[in-house]
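For reference, the structure discussed in these notes is given below.
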Amino acid sequence: MKLTVDRGACQGHARCVTLDSTLFALDDEDLAVVLVPEVSGAQLSRARAAENACPEGAIRIQGDDA
26 MKLTVDRGAC QGHARCVTLD STLFALDDED LAVVLVPEVS GAQLSRARAA ENACPEGAIR
86 IQGDDA
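Residues in the sequence shown are numbered consecutively from 26, following our numbering.
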């Protein structure tokens with residue numbers, strides 16, 4: 026599954042980073058960036074948690090049918 030962040034929607038709340046700093050980080054503009062663009066297994070469940078926690082809906086998991 027492909028993990029992406031819509032930088033136009035991201036407001037830098039950093040909930041994704043708090044949930045999993047191995048998948049997400051904040052850049053110099055305090056916007057989220059994806060560190061691991063292809064996720065599966067345990068990473069996928071953590072990516073889903075971050076997707077659900079994002080108040081702006083900026084995180085997407087492409088190819089995710091769940």
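For glycine and all other residues, C-beta sits at the position ideal for the given N, C-alpha and C.
Between the alpha carbons of A83 and F49 lies a distance of about 12 Å. Rounded to whole angstroms, the separation of the alpha carbons of T29 and A75 is 11 Å. Between A57 and G37, the gap from beta carbon to beta carbon is short of 9 Å. Counting the other Cβ atoms within 10 Å of the Cβ of A72 gives 16 or more, which makes it buried. Residue pairing by DSSP places V58 opposite A50 in a beta bridge.
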